[in-house]
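Protein chains in written order, with my numbering: chain A, 319 to 641; chain B, 1427 to 1730.
Just so you know, even glycine gets a beta-carbon here, dropped at the ideal spot from N, CA and C.
Just so it is clear, the structure is predicted and the values come from calculations on it, not from any experiment.
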């Protein structure tokens, strides 16, 4: 766990608090929020591997989330096996899908790449919605709750640690990308691909690697999410909104920083939970109001603080060090 | 259809009907797509919120029809100045600040705008599916063996007229020439004394006016709901990429191709699967001809 201590006090505080909370707080509602904060944070960190570290901005990461969610749900309901096996199958499928998307990124840049990832998630959405015989189509699949670790039927406390595990996994990968040779090479590719290639960095292979890795991590979190929420349906798990959400947390927290996605998730998920409680009586529900705020936040953050919360924190620290 | 069988009168009838359907659909798609391609070509911004302005146009048609029983095909002429102003406001409030920013900033600014507009519609008008049913929707026209309803034909004619007017505007007016000059070389245009900020403002307003009008036109043909724009905008991306981003004539041809794929796909495999065909077509085009069927190679690797 040395990746937590060396000059990473922020991460130690965030993950430490998450680990201690269930020992003190027993409120189910609060623990549920905590699980969601950790899971959304882990998903945004997974997105960050491709979007932040490799500069391959995807608006179709819901593809991998949906693959993971469906693999776990179908493994339980159709094949009567455990969700862990489903998670593994999901990872294998997502590696395949991520590899294809990664290859696309070699030919397409910026908006073109973003568009192709949206199209990919839409193809999956339509395919899963229409293939009724196997996936149950648009109705979705309720995932049965069977207590036990093997079936991922955990209580709230158990889920906090499960989500924390996913969060630490994704964080560990991010830290690796900051410290390792591959990470430095990726940063080179992100900043100037031609210059990186001229230095002999295999830019194309690295981009495919980053996108595939990001896809696999997203899929793992998708499988966990399906078991936690207990229901998957195609219009949610493959939606563009979901893909935007992964990106949003990372952008607000700070793209290309390890802790940024978690900071973004803390802010956005708490905001959502708070607004859900406040506006639950309003007739159109909280969803619209919450999303208006979140869209406005996205516009304002990319415009005025493109480096995100983590970037602002780093700037303040630097100023203090100077003074 | 069994391709081995010789074409009898029945098959020819089917083909004629499919061809007419393709052309009618293509005309409307063209109007949706030209606004997107115009904004891209001149401002170098892919507007991910394009579909939401279409959705707002659909709601304009719905409310004017429901409250004042106004015919959508009269409202369409009112919608053009209305959406021109909406476009101006969106440019001034949102787009101006990011016009020189990186692609990522532009992508997420327009994505954010799309999320906001969708949910303003959701909060204001709820998520219910709404329908606009003017009298001409049930008027069926026959020409030879083909049939289609009056609404589709009028929508097609207005869409084509507006698209042609826009292309003519770009080609023959002074403002159009200035806009094309800015598209070709932003810096040189500035040196020639062109106020690029004004050009972008005008471009965005025109692009939004076109898509807003298209929204009013399609309202009677589809259901109206807050995320209605998504299906059209994805299709408009396909059209625009096929035709080459920024190429207006390419977009018109691209519309016909997408319409043909959609019509043939629905006929052969059923409407449930129709969207999957143009997304697969989209990915294939992105992979093999990312600069469009007629575009220059290499545009896509410049990251625009």
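Quick check: the Cα distance between residue i and residue j, rounded to an integer number of angstroms?
i: residue 1680 of chain B; j: residue 1448 of chain B; result: 12 Å
i: residue 1623 of chain B; j: residue 1522 of chain B; result: 8 Å
i: residue 1445 of chain B; j: residue 1666 of chain B; result: 21 Å
i: residue 1688 of chain B; j: residue 1702 of chain B; result: 9 Å
i: residue 1727 of chain B; j: residue 1470 of chain B; result: Note that residue 1727 of chain B scores a pLDDT of 42, beneath 50, so its modelled location is shaky and nothing firm can be said.
i: residue 1488 of chain B; j: residue 1657 of chain B; result: 18 Å
i: residue 1625 of chain B; j: residue 1614 of chain B; result: 14 Å
i: residue 1723 of chain B; j: residue 1715 of chain B; result: Note that residue 1723 of chain B scores 46 on pLDDT, short of 50, meaning its location in the model is unreliable and no value can be drawn from it.
i: residue 367 of chain A; j: residue 533 of chain A; result: 9 Å
i: residue 1642 of chain B; j: residue 560 of chain A; result: 29 Å
i: residue 597 of chain A; j: residue 586 of chain A; result: 16 Å
i: residue 347 of chain A; j: residue 1525 of chain B; result: 43 Å
i: residue 578 of chain A; j: residue 567 of chain A; result: 8 Å
i: residue 1669 of chain B; j: residue 1565 of chain B; result: 34 Å
i: residue 614 of chain A; j: residue 1709 of chain B; result: 31 Å
i: residue 457 of chain A; j: residue 1699 of chain B; result: 17 Å
i: residue 1428 of chain B; j: residue 1538 of chain B; result: Reliability of the predicted coordinates at residue 1428 of chain B is poor, the pLDDT of 46 falling under 50, and the value obtained from them is presented with this limitation in mind. Distance between the alpha carbons of residue 1428 of chain B and residue 1538 of chain B is about 48 Å.
i: residue 1513 of chain B; j: residue 1485 of chain B; result: 16 Å
i: residue 461 of chain A; j: residue 475 of chain A; result: 20 Å
i: residue 593 of chain A; j: residue 354 of chain A; result: 15 Å
i: residue 529 of chain A; j: residue 374 of chain A; result: 8 Å
i: residue 1683 of chain B; j: residue 1705 of chain B; result: 13 Å
i: residue 1546 of chain B; j: residue 564 of chain A; result: 22 Å
i: residue 1717 of chain B; j: residue 640 of chain A; result: 49 Å
i: residue 1694 of chain B; j: residue 1685 of chain B; result: 14 Å
i: residue 608 of chain A; j: residue 617 of chain A; result: 15 Å
i: residue 430 of chain A; j: residue 1458 of chain B; result: 19 Å
i: residue 1414 of chain B; j: residue 620 of chain A; result: The structure shown does not extend to residue 1414 of chain B, since chain B is modelled only from 1427 through 1730, so no value can be given for it.
i: residue 327 of chain A; j: residue 450 of chain A; result: 49 Å
i: residue 1481 of chain B; j: residue 1548 of chain B; result: 11 Å
i: residue 344 of chain A; j: residue 468 of chain A; result: 24 Å
i: residue 494 of chain A; j: residue 1532 of chain B; result: 29 Å
Give the single residue among the options whose Cα lies nearest to the Cα of residue i.
i: residue 336 of chain A; options: A/454, A/455, A/485; result: A/485
i: residue 1555 of chain B; options: B/1458, B/1641, B/1648, B/1705; result: B/1648
i: residue 481 of chain A; options: A/344, A/624, A/612, A/352; result: A/352
i: residue 1450 of chain B; options: B/1580, B/1509, B/1630, B/1653; result: B/1580
i: residue 590 of chain A; options: A/358, A/516, A/479; result: A/358
i: residue 394 of chain A; options: A/576, A/610, A/545; result: A/545
i: residue 1550 of chain B; options: A/556, A/606, A/637, A/622; result: A/606
i: residue 625 of chain A; options: B/1490, B/1530, B/1552; result: B/1530
i: residue 1652 of chain B; options: B/1662, B/1659, B/1552, B/1589; result: B/1552
i: residue 1516 of chain B; options: B/1476, B/1683, B/1588, B/1598; result: B/1476
i: residue 575 of chain A; options: A/444, A/505, A/451, A/455; result: A/505
i: residue 453 of chain A; options: A/410, A/472, A/384; result: A/384
i: residue 382 of chain A; options: A/442, A/640, A/519, A/493; result: A/442
i: residue 1672 of chain B; options: B/1609, B/1691, B/1686, B/1548; result: B/1609
i: residue 1473 of chain B; options: B/1662, B/1697, B/1690, B/1677; result: B/1662
i: residue 1596 of chain B; options: B/1468, B/1436, B/1611, B/1612; result: B/1468
Whole-angstrom Cβ separation of residue i and residue j, contact assumed at under 8 Å?
i: residue 1639 of chain B; j: residue 1506 of chain B; result: 5 Å
i: residue 1674 of chain B; j: residue 1463 of chain B; result: 6 Å
i: residue 436 of chain A; j: residue 562 of chain A; result: Their Cβ separation, rounded to whole angstroms, is 10 Å, which puts residue 436 of chain A and residue 562 of chain A out of contact at 8 Å.
i: residue 488 of chain A; j: residue 364 of chain A; result: 5 Å
i: residue 1509 of chain B; j: residue 1634 of chain B; result: 5 Å
i: residue 1636 of chain B; j: residue 1592 of chain B; result: 6 Å
i: residue 1571 of chain B; j: residue 1442 of chain B; result: 6 Å
i: residue 412 of chain A; j: residue 386 of chain A; result: 6 Å
i: residue 1588 of chain B; j: residue 1646 of chain B; result: That belief does not hold up - the Cβ atoms of residue 1588 of chain B and residue 1646 of chain B are roughly 17 Å apart, past 8 Å.
i: residue 1712 of chain B; j: residue 422 of chain A; result: 7 Å
i: residue 525 of chain A; j: residue 372 of chain A; result: 6 Å
i: residue 1560 of chain B; j: residue 1573 of chain B; result: Actually they are not in contact, since the Cβ atoms of residue 1560 of chain B and residue 1573 of chain B sit about 18 Å apart, beyond 8 Å.
i: residue 1558 of chain B; j: residue 1650 of chain B; result: 7 Å
i: residue 1707 of chain B; j: residue 1659 of chain B; result: That belief does not hold up - the Cβ atoms of residue 1707 of chain B and residue 1659 of chain B are roughly 16 Å apart, past 8 Å.
i: residue 340 of chain A; j: residue 330 of chain A; result: Contact doesn't hold; Cβ gap of about 18 Å is too wide.
Compute the minimum distance between the beta carbon of residue i and the heavy atoms of the ligand NAD, and state whether it is under 7 Å.
i: residue 337 of chain A; result: This structure simply doesn't include the ligand NAD, nor any ligand for that matter.
Meets three-Cβ-pair contact criterion under 8 Å: the segment 400 to 411 of chain A and the segment 525 to 543 of chain A: yes
Within the segment 1502 to 1552 of chain B, ranges of the alpha helix (DSSP H) (whole runs, at least 4 residues): 1529 to 1551
Every unbroken alpha helix (DSSP H) inside the segment 1561 to 1634 of chain B [4 residues or more]: 1576 to 1598, 1600 to 1610, 1612 to 1617
Stretch-stretch touch, CB-based, cutoff 8 Å, three pairs: the segment 384 to 391 of chain A with the segment 544 to 556 of chain A: yes
Three CB pairs or more closer than 8 Å across the segment 580 to 593 of chain A and the segment 562 to 572 of chain A: yes
The segment 1592 to 1606 of chain B contacting the segment 1495 to 1503 of chain B, beta-carbon criterion three pairs below 8 Å: no
Segments assigned alpha helix (DSSP H), at least 4 residues, entirely inside the segment 501 to 568 of chain A: 511 to 516, 521 to 547, 552 to 555
Secondary structure, alpha helix (DSSP H): runs of 4+ residues fully inside the segment 427 to 496 of chain A: 428 to 448, 450 to 453
The segment 368 to 378 of chain A touching the segment 423 to 437 of chain A, judged by at least three CB pairs closer than 8 Å: yes
Any alpha helix (DSSP H) of 4 or more consecutive residues that is wholly inside the segment 361 to 441 of chain A: 380 to 395, 401 to 425
Every unbroken beta strand (DSSP E) within the segment 568 to 637 of chain A, with a cutoff of 3 residues, ordered by chain: none
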